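Asks: This is the structure, below, for whatever I ask next.
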Amino acid sequence: MSSPRVRFAPSPTGYLHVGGARTALFNWLFARKTGGTFVLRIEDTDRERSTDAHTRVILEGLEWLGVTWDEGPYFQGAYGDRHRADAERLLAEGRAYRCFCTREELDAQRAAAEARKEGFRYDGRCRRRSEENVAAELAKGTPFTIRLVMPDEELAWDDAVHGRISFQGRDLDDFVILRSDGTPIYNHAVVSDDVFMRITHVIRGDDHISNTPKQIALYRALGHPEPVFAHVPMILGTDGKKLSKRHGATAVGDYRDQGIFPAAMRNFLALLGWSPGGDREILPEADLIEAFSLEGIQSKPAVFDTTKLEWMNGQYLSATPASELLPAVERQLERLGVGSSGRDLLPLIDAVKVRSRTITQLAEQVAVRLEGPKERDAKAATLVAKMGDGYSMNLRRAVTALEPIPAAAWTADALLDAIKASAEADGVKLGDAMQPIRVALTGSTVSEPVNELLAIVGREPALRRLREAAGQ
RNA sequence: GGCCCCAUCGUCUAUCGGUCAGGACGCGACCCUUUCAAGGUCGAGAGACGGGUUCGAUUCCCGUUGGGGCUACCA
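All you need for this note's numbering is the position in the first sequence, starting with 1, plus 41.
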């Protein structure tokens, strides 16, 4: 077999959903693994809902993820002539027919079927029209759609992830392939394009399984061999329902904005519904490609767990040197309206790196060290409440102990000694002396070691904040 | 309603008939640290149910239950 050709074919009717991103990723991984070609096709046949803005967002999302395409983007809307020609060929060969039923008639039939608790299936009445009758309708200029003659035969395939899936043609109806305005319906456009673009492997979402028999019927009618189909399971929200807006962030852009790394997102998405086998979790791009296979794809849906995504991002964050993080941190600081006032940010980044899971969190922590906390987090607030007067008392002690240290001697080591000596003299546990300082300086119970924190914040700002927090 | 897909810890998963059912996230404990994390160690935690097939089923088959998808002149 010549090298595989795969495609990702989103419709620009919304943002790039994480499910779509994963489908794109699997296609990409497969193409890279097999030395195949990854084609991007924008399915914009739904003129009502498709927008250029959505197309742009999808392209940007893919680029951000590092899912690069080798061909395209092709726009399905540009191929109307071929779609029409294919439909007319089917018509000429008797594999399709004109349907003059109006929307109203169809709606009435559907309503009646539903009232009887039955599924609606078009009864094919227009297929039985005589040639004279068709000619007469045509002469009158009655609008018509073109429907495919659904063969009464088995429509089955060996799905690369599900194994054999089989439908019966008699359970399906003669579906519309060309609208009365001459534009194609999804299934028809897809098959026409996949044939034209010589797609060998169709890797797409599970929700397309029920479209597949229709498309197989189309391939057979058109006289083209079918590609390999691989239907990847869907992504669910934590409640087990299809992932949607109400589960929170679903667009890849949301995660980019939250400070998730493309590499972490890629790694996480790849492991959602696919496993390289064994116990590996953190896989760089090259390993992902090396290990990828369609057979490794799970057949059950997967729940999108943002906690694990963040953990994974933290792994990538910890492994990235501060110097590489710097530009992103500077951008985030700018967004927060925080100036670095000429300070070298590298030590600050290193100080908070292992305690952050996203660039955004990291930048916020850097900002706090630069300008002080805006508020206390829940744990810190609880701690302050629990300590009562002890909180400000310990802060006053800290100020007394730290004030004598001149700026020139304001080092982590000296600070540690001073705090220890003070705590010991007052009979205060070191933790009780430290934690109020940490909270006063960061608004959080989590930070680098307190003496290092003090050194990083600097003598004047640190003492000022401690006094303020102590109510002095 | 019809057609189709799915079913291992809370979550992501390993297992391709014989395992103390392994790993990761999260959770708990401990170690490290006279302070926070990170890290390390340990722990709790799963084969939906019922039938088969088999010397032996999480694994193969059937059914039940429970999820999900599709059922448009949407994609």
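Cβ coordinates follow ideal geometry from the N, Cα and C atoms, glycine included. Predicted model, so just to flag it, every value in this text is computed and none were measured.
Kindly indicate which residue of Thr347, Ala137, Tyr115 and Ala421 has the alpha-carbon position closest to the one of Asp85.
Replies: Tyr115
Asks: For the stretch 250–263 and the stretch 278–295, state whether three or more C-beta atom pairs, one from each stretch, are separated by less than 8 Å.
Replies: no
Asks: Does the Cβ of Ala137 have 16 or more other Cβ atoms within 10 Å, making it buried, or fewer, making it exposed?
Replies: buried
Asks: Rounded to whole angstroms, what is the Cα-Cα separation between Ala292 and Leu57?
Replies: 5 Å
Asks: Any contact of the stretch 189–203 with the stretch 96–106, i.e. 3+ C-beta pairs under 8 Å?
Replies: No contact exists between the stretch 189–203 and the stretch 96–106.
Asks: For Glu195, list the residues DSSP reports as bridge partners.
Replies: In the DSSP secondary-structure assignment, Glu195 is bridged to Gln209.
Asks: Assign Glu194 to buried or exposed, taking buried as 16 or more other Cβ atoms, counted over all protein chains shown, within 10 Å of its Cβ.
Replies: exposed
Asks: Cα-Cα, which of Glu336, Ala442 and Ile446 is closest to Glu465?
Replies: Checked all of Glu336, Ala442 and Ile446; the closest Cα to Glu465 is Ala442.
Asks: Count the CB pairs spanning the stretch 326–344 and the stretch 366–385 that are closer than 8 Å, and state whether there are at least three.
Replies: no
Asks: Thinking Ile218 and His203 are a contact (beta carbons under 8 Å), I'd like their distance in whole angstroms, please.
Replies: Contact flag wrong, Cβ pair sits at about 26 Å.
Asks: How many whole angstroms separate the CB atoms of Arg307 and Gly107, which I take to be in contact at a CB cut-off of 8 Å?
Replies: 6 Å
Asks: Note down the Cα distance separating Trp69 from Asp418, rounded to an integer number of angstroms.
Replies: 42 Å
Asks: Determine the DSSP secondary structure at Arg376, reduced to helix, strand or coil.
Replies: helix
Asks: Helix, strand or coil: which one does DSSP assign to Phe216?
Replies: Correct three-state label for Phe216: coil.
Asks: Are Tyr432 and Val425 closer than 9 Å when you measure CB to CB?
Replies: Result yes, Cβ atoms of Tyr432 and Val425 sit closer than 9 Å.
Asks: Note down, in chain order, each residue of its chain lying with its Cβ closer than 6 Å to the Cβ of Gly337, except the 5 sequence neighbours on either side.
Replies: Trp315 and Ser316
Asks: DSSP three-state label for Lys470, please.
Replies: Lys470 sits in coil when the DSSP states are folded into three classes, being neither helix nor strand.
Asks: If the criterion is Cβ atoms closer than 9 Å, does the pair Leu482 and Gly413 meet it?
Replies: yes
Asks: Taking the alpha-carbon positions, what's the Lys181 to Ser221 distance?
Replies: 15 Å
Asks: Excluding five sequence neighbours on each side, which residues of the same chain lie with their C-beta closer than 7 Å to the C-beta of Arg211?
Replies: Non-local C-beta neighbours of Arg211 in its own chain, meaning closer than 7 Å and more than five positions away in sequence, comprise Asp193, ordered along the chain.
Asks: Just the Cα atoms here: how many angstroms apart are Glu351 and Asp122?
Replies: 47 Å
Asks: What's the gap between the Cα of Glu493 and the Cα of Leu403?
Replies: 17 Å
Asks: Taking the C-alpha atoms as reference points, what is the distance between Val47 and Pro268?
Replies: 10 Å
Asks: Would you report the Cα separation of Arg479 and Ala422, rounded to the nearest angstrom?
Replies: 12 Å
Asks: When the Cα of Ala360 is compared with those of Ile400, Arg376 and Gln373, which residue comes out closest?
Replies: Ile400
Asks: Can you give the beta carbon distance from Trp105 to Leu81, rounded, assuming they're within the 8 Å contact cut?
Replies: Their Cβ separation, rounded to whole angstroms, is 14 Å, which puts Trp105 and Leu81 out of contact at 8 Å.
Asks: Run the CB neighbour count on Asp476, radius 10 Å, all protein chains shown included, and call it buried at 16 or more, exposed below.
Replies: The question names Asp, yet the displayed sequence has Gln at residue 476. Flag for Gln476 reads buried.
Asks: Three Cβ pairs or more, each shorter than 8 Å: is that satisfied between the stretch 139–146 and the stretch 341–349?
Replies: no
Asks: Return the Cβ separation of Val393 and Val407 in integer angstroms, given the expectation that the two are a contact with Cβ distance under 8 Å.
Replies: 6 Å
Asks: Suppose the cutoff is 7 Å on Cβ atoms and the five residues either side in sequence are ignored; what does the same chain contact list for Asp215 look like?
Replies: Tyr163, Gly165, Arg168, Arg188, Leu189, Val190 and Met191
Asks: Could you give the distance in angstroms between the alpha-carbon of Thr224 and the alpha-carbon of Arg125?
Replies: 7 Å
Asks: Enumerate, from N- to C-terminal direction, the unbroken alpha helix (DSSP H) stretches of 4 or more residues contained entirely within the stretch 107–147.
Replies: Listed in chain order, the alpha helix (DSSP H) runs fully inside the stretch 107–147 are 121–133, counting runs of at least 4 residues.
Asks: If Pro45 sits next to Ala72, beta carbons under 8 Å apart, how far is it from one beta carbon to the other, in whole angstroms?
Replies: 7 Å
Asks: Please go through the stretch 414–492 and give each complete alpha helix (DSSP H) segment of 4 or more residues, from N-terminal end onward.
Replies: 419–428, 430–443, 453–467 and 471–483
Asks: Closest by CA to Leu103, which one among Phe49, Thr75, Pro490 and Leu507?
Replies: Nearest to Leu103 by alpha-carbon distance, out of Phe49, Thr75, Pro490 and Leu507, is Phe49.
Asks: I'd like to confirm the pairing. Which residues does DSSP put opposite Ile244 in its beta bridges?
Replies: Ala271
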